[in-house]
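**Q**
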Amino acid sequence: MKRAVCGAMILGGAGLGVMRWLTSRQTKARAQREASRWLMVTINRRPEEVVPDGRLPEPLARLGETIEVQVREAPGDRGTELGARPITPVPTGVDEVMARLAGEDPRQAVRRALRESKCLIETGEVLRPDEPPTTRPTPTGRLVDLASQRAGGEGRL
Numbered sequence: 018m019k020r021a022v023c024g025a026m027i028l029g030g031a032g033l034g035v036m037r038w039l040t041s042r043q044t045k046a047r048a049q050r051e052a053s054r055w056l057m058v059t060i061n062r063r064p065e066e067v068v069p070d071g072r073l074p075e076p077l078a079r080l081g082e083t084i085e086v087q088v089r090e091a092p093g094d095r096g097t098e099l100g101a102r103p104i105t106p107v108p109t110g111v112d113e114v115m116a117r118l119a120g121e122d123p124r125q126a127v128r129r130a131l132r133e134s135k136c137l138i139e140t141g142e143v144l145r146p147d148e149p150p151t152t153r154p155t156p157t158g159r160l161v162d163l164a165s166q167r168a169g170g171e172g173r174l
């Protein structure tokens, strides 16, 4: 009886080990696919207005050769899709979390540049939150300041 229980425990442990190994491989592959995906915005203008004479909007042009850019008509005649993705390897896993917290993730700069490009093309200026958001420095006001600063790179707020 003891042998059967020990054998079952060993087989169960080996099965769990194999399952974890397989899922970690899938997670790494998914992270690599997501790291190289295109970040897109839809702009309510014709492609000729988005990239006149092949010139990129100024926020994207600032990133220079560190990004790939894609311009195409949006489905349903709804303007233009402007997409970009970093050429440099993007961190994954724990490195990704640390880079995002430090503000060093290359995707943050691409997100910010796409958002600023859309604003410039559609309105002629980059819209920013009111400065300062509160009239006196309070702990809650500091949290709002921090969230406002990070929102441009993360696409939230």
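FYI, our numbering numbers position 135 of the sequence shown as 152, with every residue one higher than the one before it. Idealized CB from N, CA, C, for every residue including glycine.
1) Kindly indicate which residue of Pro-74, Gly-29 and Val-58 has the alpha-carbon position closest to the one of Gly-100.
2) Do Arg-124 and Val-107 come within 8 angstroms of each other at the CB atom, strictly closer than that value?
3) With 16 as the cutoff for other CB atoms within 10 Å, does Gly-120 come out buried or exposed?
4) Suppose the cutoff is 7 angstroms on Cβ atoms and the five residues either side in sequence are ignored; what does the same chain contact list for Ala-91 look like?
5) To the nearest whole angstrom, what separates the beta carbons of Leu-88 and Val-67, a pair I think is in contact under 8 angstroms?
6) Between Thr-155 and Leu-163, what straight-line distance do the alpha-carbon atoms span, to the nearest angstrom?
7) Going by C-alpha to C-alpha distance, which of Ala-78, Gly-81, Glu-82 and Pro-64 sits closest to Asp-94?
8) Report all residues from its chain with a CB closer than 8 angstroms to the CB of Leu-56; omit the five preceding and five following residues, and keep chain order.
9) So, helix, strand or coil for Glu-121, using DSSP?
10) Just to confirm my understanding: we take Glu-135, look at its own chain, exclude 5 residues before and 5 after, and list those with CB closer than 6 angstroms. What are they?
11) Over the uninterrupted alpha helix (DSSP H) stretch that includes Pro-76, give me the two end residues.
12) Taking the C-alpha atoms as reference points, what is the distance between Thr-109 and Pro-74?
13) Alpha carbon to alpha carbon, how far is Gly-29 from Glu-113?
**A** Taking the geometry as given:
1) As a working mapping, residue 100 is identified with position 83 in the sequence shown. Ranking Pro-74, Gly-29 and Val-58 by Cα distance to Gly-100 puts Val-58 first.
2) Counting from one through the sequence shown, the residue named residue 107 turns up at place 90. Counting from one through the sequence shown, the residue named residue 124 turns up at place 107. Cβ distance < 8 angstroms, so Val-107 and Arg-124 count as in contact.
3) Locating residue 120 in the sequence shown gives position 103, where the first residue counts as 1. The residue in question, Gly-120, is exposed, as its Cβ has fewer than 16 Cβ neighbours within 10 Å.
4) Along the sequence shown, one-based indexing puts residue 91 at 74. Result list for Ala-91: Thr-59, Thr-97 and Glu-98, in chain order.
5) Walking along the sequence shown from the start, residue 88 turns up at place 71. Walking along the sequence shown from the start, residue 67 turns up at place 50. Note on residue identity: the sequence assigns Val, not Leu, to residue 88. Between Val-67 and Val-88 the Cβ distance is about 6 angstroms, and since that is below 8 angstroms, they are a contact.
6) Reading the sequence shown from its first residue, position 138 is the one you call residue 155. Reading the sequence shown from its first residue, position 146 is the one you call residue 163. In a straight line, the C-alpha of Thr-155 is about 12 angstroms away from that of Leu-163.
7) Position 77 of the sequence shown, counting from 1, holds the residue named residue 94. Closest by alpha carbon: Pro-64.
8) Translated into positions along the sequence shown, residue 56 becomes position 39. Correct list, in chain order: Gly-100, Ala-101, Arg-102, Arg-124, Val-127, Arg-128 and Leu-131.
9) For the purposes of this step, residue 121 is taken as residue 104 along the sequence shown, with counting starting at 1. In the structure shown, Glu-121 sits in coil (DSSP, three-state: anything other than H, G, I, E or B).
10) Numbered from its first residue, the sequence shown carries residue 135 at position 118. Checking the sequence, you will find Lys at residue 135 rather than Glu. Closer than 6 angstroms at Cβ, skipping near neighbours: Val-58 and Ile-60.
11) What you label residue 76 is simply residue 59 of the sequence shown in a count that begins at 1. Counting along the chain, the alpha helix (DSSP H) containing Pro-76 begins and ends at 75 to 80.
12) As a working mapping, residue 109 is identified with position 92 in the sequence shown. As a working mapping, residue 74 is identified with position 57 in the sequence shown. The alpha-carbon atoms of Thr-109 and Pro-74 are separated by roughly 29 angstroms.
13) Within the sequence shown, numbered from 1, the residue matching residue 29 stands at position 12. Within the sequence shown, numbered from 1, the residue matching residue 113 stands at position 96. The alpha-carbon atoms of Gly-29 and Glu-113 are separated by roughly 33 angstroms.
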